[in-house]
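Enquirer:
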Amino acid sequence: MSSAALPEPPLAVLAELTHRCPLQCPYCSNPLELEKVGEEMDTADWRRAIRQAAQIGCLQIHFSGGEPTVRQDLEVLVAEATQAGLYTNLITSGVSCDRARLDRLAAAGLEHVQISFQDSTAEIGDRIGGAAGAHAKKLVFARHVRDAGLALTANFVVHRQNLHHLDAMLELAVELGAGRVEIANVQYYGWALKNRAALMPTREQLAQMVETIETARIRLKGLLAIDFVTPDYYAKRPKACMGGWGRRFLNISPSGNVLPCHAAETITSLAFDNVRERSLQDIWQNSDAFRAFRGTDWMPEPCRTCDRKEVDWGGCRCQAFALTGDARQTDPACALSDSHDMLVSVADGEAHARDVRFLYRNYKNGARRQVRPAAVPQPG
Amino acid sequence: MTARPVLASDSAPRLAPHTRLRHDAMRGVWTVQAPERTFMLDDTAHAVLAHCDGATTLNGIVDRLCDAFPGAPRATIAADVAAMLQDLADKGVILA
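Note that the protein sequences, when read in sequence, are chains A and B. Residue numbering for the first sequence follows my numbering, beginning at 9 and increasing consecutively. Residue numbering for the second sequence follows my numbering, beginning at 2 and increasing consecutively.
Laid out in structure tokens, this is it:
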């Protein structure tokens, strides 16, 4: 793509309404420096941003957070999105929304609810979420979603401490009446990078996981759509992160920062524009952060001459920055990266770490830490 | 657990709940909007899905497409439509 050409319009917007959340999952995709309630955009700001997202081509909106239902104006925002012609998804922990509120959201036009589960059991789920009683509330809420006639997705983030329950997770999704399940391996940026040694799966778990998913896809064909996010530390080629930087998606943070992906603020060498100050169209087309890694012109070798450069778009910029200190580098998940061997040795080593305590995701743990690239241990 | 939905010639397929057939004016294409998924439709796919109203049978849909595309053999249209709709049923986009 020529750098002067206008980009294709975005397909979807992730609206992170707040960073407040009743859970404290140690792999949360929110930044370490969580935005506080006083920094959140107000209802009028969000309504304007939602209208602009539809005007520039978005077809879907994902209301997320933090926990989006802690915003008392969620019904108003869902209605605004519906009126603008957007297909509406709610991404929720499912612990703080009752049936009456869900009915109001459905009346406002909500189509689909994705509930995050931390495990198939309360014992492990509540420990990982850092919230006693959360799992039981999720089960109740999932039934409310089905009773209200809405589409349901069950999301399970998987890692070393819960992968032995993968079969039970799939069964739970079917039992709850979910049409879709996401089995998502942890992506190691921000909070998850801090907790990597506690979460990294073993190679044995990886092999078992792939076999379980392949078998389930055959057994549950037509009954349950299974979206599987592979663990890229053990991959040969990187994922096409976000379908390419600034190609398909945009993310709006609680305070209105517009990001190419939810983790982009971990790249501290970039500055992001705010939708309170610039229009979404201007930011999508012209902002430095979106132009930085859009297309293929920015790529160094080995990406520049790779025949997969428009397949994986160079992989994940956040991962490149987190592990090499340079967001322009090839994603270390790629076997062609100079840092790939280090990545593999980190994964193999940390997958066998013992007695590692979680750094739980909350304001206290985040506030005293700076966002900076994590050092990759040198081999030998 | 219920079984995989399998289309038969007398099935009357319809879009699954909370799956929307929508025209995207900016891009000039028909789309299907489903939970966290967007399908961009070509003219053929749109012609098929536009008839998935829960009343018209698979046979009936093939009849209408034969009228709309008189050059194509019926057997070819029937096979293509059945394969496409079964694939969409397996993805949860339509109900058989």
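Just so it is clear, CB atoms sit at the ideal spot from N, CA and C, and this is done for glycine as well.
1) If you reduce the DSSP assignment to three classes, tell me which class residue 353 of chain A lands in.
2) Mapping the DSSP letters down to three states, classify residue 90 of chain A as helix, strand or coil.
3) Check the Cβ of residue 105 of chain B against every Cβ in chain A and list those closer than 9 Å, keeping chain order.
4) Taking C-beta pairs closer than 9 Å, name the residues in chain A that residue 90 of chain B reaches, listed in chain order.
5) What are the residues that DSSP puts in a beta bridge with residue 68 of chain A?
6) Counting C-beta neighbours from all protein chains within 10 Å, is the total for residue 371 of chain A 16 or more, i.e. buried, or is it exposed?
7) For residue 344 of chain A and residue 308 of chain A, I'd like the C-alpha separation in whole angstroms.
8) With a cut-off of 8 Å on the beta carbons, I'd call residue 158 of chain A and residue 121 of chain A a contact; round off their distance for me.
9) Could you give the residue range of the alpha helix (DSSP H) that holds residue 199 of chain A?
10) Does at least one heavy atom of the ligand GTP sit under 7 Å from the Cβ of residue 171 of chain A?
11) Tell me whether the segment 18-34 of chain A and the segment 126-145 of chain A touch, counting them as touching only if at least three CB pairs, one residue from each stretch, are closer than 8 Å.
12) Determine the closest residue to residue 17 of chain B out of A:180, A:238, A:67 and A:119, with distance taken between C-alpha atoms.
13) Taking Cβ to Cβ, would you say residue 83 of chain A is nearer than 8 Å to residue 58 of chain A?
14) Report the option in A:91, A:327, A:353 and A:49 whose CA atom is closest to the CA atom of residue 200 of chain A.
15) Determine the direct distance from the alpha carbon of residue 348 of chain A to that of residue 273 of chain A, and round the result to whole angstroms.
16) Contact defined as beta carbons within less than 8 Å: I believe residue 210 of chain A pairs with residue 168 of chain A. What is the distance between those atoms, to the nearest angstrom?
17) Tell me, which residues are paired with residue 173 of chain A by DSSP?
18) Using CA coordinates, which residue listed in B:33, B:69, B:73 and B:74 is at the minimum distance from residue 89 of chain B?
19) Cβ of residue 85 of chain B less than 8 Å from any chain A Cβ?
20) For a contact meaning CB atoms closer than 8 Å, what does residue 188 of chain A contact in chain B?
21) In chain A, which residues lie with their C-beta within 7 Å of the C-beta of residue 1 of chain B?
22) Could you name the residues of the segment 143-160 of chain A whose beta carbon sits closer than 7 Å to any beta carbon of chain B, in the order they occur along the chain?
23) If you measure from the beta carbon of residue 18 of chain B to each beta carbon in chain A, is any gap under 8 Å?
24) Just how far apart, CA to CA, sit residue 163 of chain A and residue 39 of chain A?
25) Could you give the C-beta distance for residue 193 of chain A and residue 129 of chain A, rounded to a whole number, given that I count them as a contact under 8 Å?
26) Is it buried or exposed for residue 131 of chain A, if we count other Cβ within 10 angstroms and need 16 for buried?
27) Looking at the unbroken alpha helix (DSSP H) that takes in residue 112 of chain A, where does it start and where does it end?
28) Could you check how far apart the C-beta atoms of residue 392 of chain A and residue 21 of chain A are, in whole angstroms? I think they sit under 8 Å.
29) Can you check DSSP and say which residues form a bridge with residue 360 of chain A?
30) Mind listing the chain A neighbours of residue 25 of chain B? Cutoff is C-beta to C-beta under 7 Å, in chain order.
31) Quick one: residues in its chain with C-beta nearer than 8 Å to the C-beta of residue 112 of chain A, no 5 flanking neighbours on either side, listed in chain order?
32) With 16 other CB atoms within 10 Å as the buried threshold, where does residue 377 of chain A fall?
33) Could you tell me which of A:245, A:134 and A:71 sits nearest to residue 316 of chain A, measuring between CA atoms?
34) For residue 313 of chain A, count neighbouring Cβ atoms within 10 angstroms of its own Cβ and tell me buried if that reaches 16, exposed if not.
35) Going by C-alpha to C-alpha distance, which of A:191, A:359 and A:115 sits closest to residue 123 of chain A?
36) Are the Cβ atoms of residue 91 of chain B and residue 229 of chain A separated by less than 8 Å?
Expert: In terms of the structure at hand:
1) Three-state DSSP puts residue 353 of chain A in a helix.
2) Under the three-state reduction of DSSP output, residue 90 of chain A falls in the helix class.
3) Missing from the structure shown is residue 105 of chain B; chain B here goes from 2 to 97 and no further.
4) Per Cβ cutoff of 9 Å: 230.
5) Assignment of beta-bridge partners to residue 68 of chain A by DSSP yields A:20 and A:95.
6) Exposed.
7) Cα-Cα distance, rounded: 12 Å.
8) 5 Å between Cβ atoms; contact.
9) 198-202 is the span of the alpha helix (DSSP H), which, as asked, contains residue 199 of chain A.
10) Of the ligands one can find in the structure shown there are none, so the ligand GTP has no counterpart to examine.
11) In short, these stretches touch, since the Cβ pair count reaches three.
12) Comparing Cα positions, the closest option is A:119.
13) Taking a C-beta distance under 8 Å as the contact criterion, residue 83 of chain A and residue 58 of chain A do not qualify as a contact pair.
14) Of the listed residues, the one whose Cα sits closest to residue 200 of chain A is A:327.
15) Here the C-alpha atom of residue 273 of chain A lies approximately 23 Å from the C-alpha atom of residue 348 of chain A.
16) Yes, they are in contact, since the Cβ atoms of residue 210 of chain A and residue 168 of chain A sit about 7 Å apart, within 8 Å.
17) Here residue 173 of chain A is not bridged, per DSSP, to any residue.
18) Taking only the C-alpha atoms, the option nearest residue 89 of chain B is B:33.
19) Chain A contact via Cβ: absent.
20) The answer, in chain order, is 36, 37 and 93.
21) Lying outside 2 to 97, the shown extent of chain B, residue 1 of chain B is not represented and no answer is given.
22) Of all residues in the segment 143-160 of chain A, 157, 158 and 159 have a Cβ within less than 7 Å of some Cβ in chain B.
23) Yes - at least one Cβ of chain A is within 8 Å of the one on residue 18 of chain B.
24) Cα to Cα, residue 163 of chain A sits roughly 20 Å from residue 39 of chain A.
25) Contact flag wrong, Cβ pair sits at about 19 Å.
26) With fewer than 16 other CB atoms across the displayed protein chains lying within 10 angstroms of its CB, residue 131 of chain A is exposed.
27) Per DSSP, residue 112 of chain A belongs to the alpha helix (DSSP H) from 107-115.
28) Examination of residue 392 of chain A is not possible in this model, given that chain A is present from 9 through 388 alone.
29) BP columns for residue 360 of chain A are empty, so no partner.
30) Near residue 25 of chain B (Cβ distances below 7 Å), the residues of chain A are 67.
31) Within the same chain, residue 112 of chain A has close Cβ partners 83.
32) Low confidence applies to residue 377 of chain A: its pLDDT is 44, below 50, so where it sits in the model is not reliable, and the reading given next is rough at best. By the neighbour-count criterion, in which 16 or more other beta carbons inside 10 Å mark a residue as buried, residue 377 of chain A falls on the exposed side.
33) For the residues A:245, A:134 and A:71, the minimum Cα distance to residue 316 of chain A belongs to A:245.
34) Exposure of residue 313 of chain A is indicated by the presence of fewer than 16 other C-beta atoms within 10 angstroms of its C-beta.
35) Nearest in C-alpha terms to residue 123 of chain A, of all of A:191, A:359 and A:115, is A:191.
36) Closer than 8 Å, so yes.
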